[in-house]
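*Asks:*
Okay, structure coming up:
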C-alpha cells in the first residue's frame, strides 16, 4: 500500500473509505457481490431484476416512457435557465419572451427546446399510454401503475396548460380564457355547473376564480400559473415519477411473451 | 414504570390513555384540518385589482341610428349599438367560452374567432357552438347627460333585454 506507483492508484481509490461508502461493493469480488453491485445501484435498480428478451425489444416498448422522462429532464433544465430572464408580470412577460428570442445569447434555442420539448412530452406521454394499452401492460399486477400513469398524464397536461399562458401573447391569453371558462361548468364547484347553486357558487368564489386569482385572466393569473408551472406541478410530477419507476421495478416488464423466431 | 402502570386498575388506565390519545390525535387532526382549510382559503383573494365594471360611453348624440360602434370595444369589451328604439351596450364576450367576437359590418354579423360562433346585431346566436345570445349591459344617463354602462347587470333573454335598463330609449 505504501508503494504509490501509478499502477496502484485505481486499487487505492477502489479500496478507499470514500469509494466504499458510495458504491458499497467493489467489482472484483465474488458472483454474489457483483450482483449486489448491480441491484444496489439506483440507475440499474430502475429496471426490473428479470426482463424477457421480448420485453427489451424496441418494437415492444417503443422507448416511449424513457423518451418522456428524458424530455422532462430537458424541460426542467431549460425551464430553470429561462427563469433567469423571464419575469411573470404583465408589463414584462411578453417582452422578456421576445428578448429570449432575439436578444439573450442562445435564448431562442433554449426557448424553442422548452416549447417543442413540451409539445413532444405531451405527445410521448400519449404514445406511451397507447403502447401500454395495446400491449395489455395495464393489466394486473400493473393496474396500480396505470393509475399512477394517468395521474402523470394529468400533471403533464397541467404543466402544458400553465406554461402556455406564460408568453402572455394573444394566443396564450385566449387559450387560457377558453380553458378556464370550461372550469365554470365543473359540477358543484364551478358556478355554471350542475348543483353549483346549491352551495352558493358565484363567479367570484368558484374553482375558476381560485385558478385565475380573479374573475378574468389578468396579472394574478399570470403569477399563479407561473408559480404552479415552476414549483408545484414539477414537484408533484417528480414524486409520481418516482412511484411510477419504483412500480415498474416491482411489477416487472409485461413483455413476457415468448419470442417467436 | 411498568410497576406504576400495573398499580392502576385496568379501567383507570384505559380511561386516561384513551383521553390523552383522544386529545393528542384530536389536536393533531384539528391542526391538519386548520392548515388545509386555511391553505385553500388562501387562494381566494379578498380584494381584486380589476377595472371597474362601470364606465361612461360619451353622449347619445355621439351614436348614429343603425351604427355598431366599436369605440368602446378595446377598453371595455362592448359594442355601443343604436337602433330606432334607443342605444344598447352589447357585451363582446362570446357565450361559448369567453373569447372576444369581431363585428363584420359587410356581412352584418358578429363572429367569434375562436370557435366560429355567429351572432346578429341584437346579440342572437345563429351559428356555431355558442349556446345563448350575447349579453347586454345595463345602460342609463347620468345627470350631465352622459351614457353610463354597468356591466355588473346583464341580460340576454329576448323581451327582457329590450326593456330598460338594458336599452336606453331615445326618440
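Chains as they are written, first to last, in this note's numbering: chain A, 2 to 262; chain B, 3 to 173. Just so you know, even glycine gets a beta-carbon here, dropped at the ideal spot from N, CA and C.
#1: So, does the CB of residue 228(A) fall closer than 9 angstroms to a CB anywhere in chain B?
#2: Just reading off the alpha helix (DSSP H) that residue 251(A) is part of, what are its end residues?
#3: To the nearest angstrom, report how far apart residue 159(A) and residue 142(A) are at their CA atoms.
#4: Check the Cβ of residue 175(A) against every Cβ in chain B and list those closer than 7 angstroms, keeping chain order.
#5: Thinking C-alpha only, which one of 152(A), 187(A), 213(A) and 253(A) is nearest residue 235(A)?
#6: Give me, in chain order, the residues of the same chain whose beta-carbon lies closer than 8 angstroms to that of residue 221(A); leave out the 5 immediate sequence neighbours on both sides.
#7: From the beta carbon of residue 3(B), is the nearest beta carbon of chain A less than 9 angstroms away?
#8: Which residues in chain A sit within 9 angstroms of residue 50(B), going by Cβ to Cβ distance?
#9: Check each residue of the region 28 to 46 of chain B: if its Cβ is closer than 7 angstroms to any Cβ of chain E, include it; give the result in chain order.
#10: Measure the alpha-carbon distance for residue 21(B) versus residue 27(B) and round it to whole angstroms.
#11: Measure from the C-beta of residue 182(A) to each C-beta in chain B and report whether the shortest distance is under 9 angstroms.
#12: State yes or no: is the beta carbon of residue 178(A) nearer than 9 angstroms to at least one beta carbon in chain B?
#13: Can you find a C-beta in chain B that's less than 9 angstroms from the C-beta of residue 210(A)?
#14: What would DSSP say about residue 153(B), mapped onto helix, strand or coil?
#15: Tell me, please, whether the region 65 to 79 of chain B touches the region 157 to 164 of chain B by the rule of three or more beta-carbon pairs shorter than 8 angstroms.
#16: Determine the extent of the alpha helix (DSSP H) in which residue 58(A) is found, giving its start and end residues.
#17: Write down the C-beta distance between residue 141(B) and residue 170(B) rounded to the nearest angstrom, noting that I regard them as a contact closer than 8 angstroms.
#18: DSSP three-state call for residue 35(B): helix, strand or coil?
#19: Going by DSSP, what residue range makes up the alpha helix (DSSP H) through residue 108(B)?
#20: In chain order, what residues of the same chain have a beta carbon less than 7 angstroms from the beta carbon of residue 245(A), not counting five sequence neighbours either side?
#21: Report the three-state DSSP secondary structure of residue 134(B) (helix, strand or coil).
#22: Could you check which residue in 83(A), 76(A) and 181(A) has the C-alpha nearest to that of residue 105(A)?
#23: Report the residue ranges of all alpha helix (DSSP H) runs contained in full by the region 31 to 104 of chain B; include only those spanning at least 4 residues, in chain order.
#24: Excluding sequence positions up to five away, which residues of its chain have a Cβ less than 7 angstroms from the Cβ of residue 121(A)?
#25: Once DSSP output is grouped into helix, strand and coil, what is the label at residue 51(A)?
#26: Report all residues from its chain with a CB closer than 8 angstroms to the CB of residue 56(B); omit the five preceding and five following residues, and keep chain order.
#27: Just confirm the distance between the C-beta atoms of residue 115(A) and residue 76(A), as a whole number of angstroms; I'd bet it's less than 8 angstroms.
#28: Put residue 170(B) into one of helix, strand or coil per three-state DSSP.
#29: Report the residue from 255(A), 256(A) and 242(A) whose alpha carbon sits nearest the alpha carbon of residue 1(A).
#30: Does the count of Cβ pairs from the region 124 to 139 of chain A and the region 193 to 209 of chain A closer than 8 angstroms reach three?
#31: Taking 9 angstroms as the cut-off, decide whether the C-beta atoms of residue 90(B) and residue 168(B) are in contact.
#32: Exposed or buried, which one is residue 3(B) when buried takes at least 16 other CB atoms within 10 Å?
#33: Decide yes or no for the touch test of the region 45 to 61 of chain B against the region 105 to 114 of chain B: beta carbon pairs closer than 8 angstroms, at least 3 of them.
*Replies:* Considering the structure as presented:
#1: In the first chain, the residue the question calls residue 228(A) occupies position 227. Cβ-Cβ to chain B under 9 angstroms: no for residue 228(A).
#2: The count along the first chain starts at 1 and reaches residue 251(A) at position 250. Its alpha helix (DSSP H) spans residues 234 to 252.
#3: If you number the first chain from 1, residue 159(A) lands on position 158. If you number the first chain from 1, residue 142(A) lands on position 141. Each residue's alpha carbon lies about 28 angstroms from the other.
#4: As a working mapping, residue 175(A) is identified with position 174 in the first chain. Here the neighbours are 101 and 116.
#5: Here residue 235(A) refers to the residue found at position 234 of the first chain. Checking every option, the nearest Cα to that of residue 235(A) belongs to 152(A).
#6: Sequence index remark: in the first chain, residue 221(A) carries index 220 (1-based). The answer, listed in chain order, is 213, 214 and 215.
#7: As a working note, residue 3(B) is residue 1 in the second chain. Confidence in residue 3(B) is poor, its pLDDT being 49 and thus under 50, which makes the residue's placement unreliable; the coordinate value appears in the next sentence. For residue 3(B), the answer is no, since every Cβ of chain A falls outside 9 angstroms of its Cβ.
#8: For the purposes of this step, residue 50(B) is taken as residue 48 along the second chain, with counting starting at 1. Residues of chain A passing the Cβ test: 205, 214, 215, 216, 219 and 221.
#9: Protein chains A and B are contained in the structure displayed, whereas chain E is not.
#10: Position 19 of the second chain, counted from the start, is the residue given in the question as residue 21(B). Position 25 of the second chain, counted from the start, is the residue given in the question as residue 27(B). Roughly 10 angstroms between the two C-alpha positions.
#11: One-based indexing of the first chain puts residue 182(A) at position 181. True, the Cβ-Cβ gap to chain B drops below 9 angstroms.
#12: Numbered from 1 along the first chain, position 177 holds the residue referred to as residue 178(A). Any Cβ of chain B closer than 9 angstroms to the Cβ of residue 178(A) would place that residue at the interface, and such an atom is present.
#13: By 1-based counting over the first chain, the position of residue 210(A) is 209. Yes, residue 210(A) lies at the interface with chain B (some Cβ there is under 9 angstroms from its Cβ).
#14: On the second chain, position 151 is the one that residue 153(B) refers to. In the structure shown, residue 153(B) sits in a strand (DSSP, three-state: E or B).
#15: no
#16: The residue labelled residue 58(A) in the question sits at position 57 within the first chain. Looking at the DSSP string, residue 58(A) is not in any alpha helix (DSSP H), and its letter there is neither H nor E.
#17: To locate residue 141(B), count along the second chain from 1; it is residue 139. To locate residue 170(B), count along the second chain from 1; it is residue 168. The pair is a contact, with the Cβ atoms about 5 angstroms apart (cut-off 8 angstroms).
#18: If you number the second chain from 1, residue 35(B) lands on position 33. In the structure shown, residue 35(B) sits in a helix (DSSP, three-state: H, G or I).
#19: As a first step, residue 108(B) must be located in the second chain, where it is residue number 106. Element bounds for residue 108(B): n/a, residue is neither H nor E.
#20: Mapped onto the first chain, residue 245(A) falls at position 244. Counting only Cβ-Cβ distances below 7 angstroms, and skipping sequence neighbours, we find 146, 149, 150 and 153.
#21: On the second chain, residue 134(B) is found 132 positions in, with the first residue counted as 1. In the structure shown, residue 134(B) sits in coil (DSSP, three-state: anything other than H, G, I, E or B).
#22: In the first chain, the residue the question calls residue 105(A) occupies position 104. For the residues 83(A), 76(A) and 181(A), the minimum Cα distance to residue 105(A) belongs to 83(A).
#23: 75 to 78
#24: In the first chain, the residue the question calls residue 121(A) occupies position 120. If we look at residue 121(A) and ignore the five residues flanking it on each side, its Cβ neighbours are 72.
#25: Position 50 of the first chain, counted from the first residue, corresponds to residue 51(A). Coil at residue 51(A), not helix or strand.
#26: Working through the second chain from its first residue, we reach residue 56(B) at position 54. Taken in chain order, the residues that qualify are 150, 151, 152, 153 and 154.
#27: One-based indexing of the first chain puts residue 115(A) at position 114. One-based indexing of the first chain puts residue 76(A) at position 75. Contact flag correct, Cβ pair sits at about 6 angstroms.
#28: Numbered from 1 along the second chain, position 168 holds the residue referred to as residue 170(B). Residue 170(B) falls in the strand class under three-state DSSP.
#29: Nothing about residue 1(A) can be read from this structure; chain A reaches only from 2 to 262.
#30: No, the region 124 to 139 of chain A does not touch the region 193 to 209 of chain A.
#31: Here the question's residue 90(B) lines up with position 88 in the second chain. Here the question's residue 168(B) lines up with position 166 in the second chain. Yes, they are a contact pair.
#32: If you number the second chain from 1, residue 3(B) lands on position 1. For residue 3(B), the predicted structure reports a pLDDT of 49, less than 50, and the residue's modelled location is therefore unreliable. The matter cannot be settled from this model.
#33: no
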